[in-house]
Amino acid sequence: MHVERIGLATLYLGKWQDVPDLPRPAAIISDPPYGQKLKTNIVTKARKRPGRSGFIQPKTNFYPTKIIGDDGPFDPTPFLHMADITLFWGAHKFSDRLPPGQFLCWDKSPTGTRRDQGDGEAAWINAPGKPMRIFRYLWSGICMASGYETQQEISHNSSAQRRIHPTQKPVDLMTWCIQQARVPEGGLILDPYMGGGSTGIAAVRAGHPFIGIECEPQYFEAACRRIRHAQGMPPVSRAA
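Have a look at this one:
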């Protein structure tokens with residue numbers, strides 16, 4: 001199993017079940033696959049705007065064709081006793097398999113504009129009795145609120161693809177999650193479905209050691225690159 005140690009972060013390329021001797025973390029914070037069967041590698045042709053002049057430009061997303069593990073329902077049971085704090089995004093998709101807890105809501109369209117894919121997402125924390133909290137942060141297509149990504153990672157004069165994972169979460173959202181979960185200072189955070197590494201960036205920027213696990217090489221490499229950049233470390237050249 002390939003391992004990268006980058007400052008406060010230890011990153012594994014593989015499945016979490018195959019990582020030997022995982023230490024008990026203070027918190028598990030993750031956005032797992034939960035059976036959407038999401039089509040991630042999308043190519044569209046230029047088409048006329050309905051009822052308007054001009055054309056919608058063609059779009060290509062250079063992602064792998066699917067998200068590993070997204071072809072079936074998510075079972076949170078193995079994680080419920082692995083840490084003192086557990087937070088999962090997508091909880092509205094598997095709430096029937098969760099015990100009582102606190103819910104968080106991410107409002108992706110604070111202006112009130114309806115999104116075809118849904119106006120927000122829900123997360124669950126194992127903190128029953130706590131009130132729901134809402135994070136309002138624009139994240140719709142190429143439209144993003146001003147935050148970590150726009151300030152640190154995106155060149156505004158570039159037409160390059162703006163996200164490196166189809167279900168990527170904003171770093172500002174994951175920073176808020178760590179705060180809402182009340183992770184102790186310096187507590188280890190584990191993300192068993194790391195994706196593009198947003199949880200890891202939020203963790204190391206807050207001074208938390210982080211373990212991230214991702215089984216798709218393209219996303220693993222992106223997470224390594226982003227987490228290295230977040231800690232002010234120079235990029236690493238890969239041998240051909």
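Per full-length UniProt numbering, residue 1 is the first one in the sequence shown, and the count goes up by one each step. For each residue, glycine too, the CB sits at the ideal point set by N, CA and C. All values derive from a computational prediction rather than experimental measurement.
Next on the checklist: If I measure Cβ to Cβ from L138 and keep anything under 8 Å in the same chain, skipping five residues before and after, which residues do I get?
Outcome noted: K108, S109, P110, T111, M144 and A145
Item to check | E216 (DSSP reduced to helix, strand or coil) | outcome: coil
Item to check | Residue environment, P198, which counts as buried when at least 16 other CB atoms sit within 10 Å | outcome: It should be pointed out that residue 198 corresponds to Ser in this sequence rather than to Pro. That one is buried.
Checklist entry - Do you know how far the Cα of L80 is from the Cα of M233? => result 34 Å
Checklist entry - When the Cα atoms are used, what is the spatial distance from D172 to I213? => result 20 Å
Next on the checklist: By alpha-carbon positions, which one of P32, Y12, L8 and I29 ends up nearest to Q218?
Outcome noted: Y12
Next on the checklist: By the three-class DSSP mapping on this structure, what secondary structure does Q180 have?
Outcome noted: helix
Next on the checklist: Quick check on this structure: which residue in D31, A9, A202 and G101 has the alpha carbon closest to the alpha carbon of P166?
Outcome noted: D31
Next on the checklist: Taking the beta carbon of R24 as the centre, do at least 16 other beta carbons fall within 10 Å, making it buried, or is it exposed?
Outcome noted: exposed
Item to check | Residue span of the alpha helix (DSSP H) that contains T199, given as start and end | outcome: S198 to R205
Checklist entry - So, are the CB atoms of A27 and A181 less than 8 Å apart? => result yes
Checklist entry - Would you report the Cα separation of A206 and R136, rounded to the nearest angstrom? => result 21 Å
Checklist entry - Which word fits E185, buried or exposed, when buried means at least 16 other C-beta atoms lie within 10 angstroms of its C-beta? => result exposed
Next on the checklist: Can you give me the C-alpha to C-alpha distance between G14 and R133, rounded to a whole angstrom?
Outcome noted: 33 Å
Next on the checklist: From the DSSP secondary-structure annotation, give me the bridge partner or partners of Q102.
Outcome noted: I125
Item to check | Contact set for D75: own chain, Cβ-Cβ below 7 Å, skip 5 residues either direction | outcome: R97
Checklist entry - On the three-state DSSP scale, how would you describe S95? => result helix
Next on the checklist: Which same chain residues end up closer than 6 Å to T10 when comparing Cβ atoms and leaving out the 5 residues on each side of it in sequence?
Outcome noted: I211
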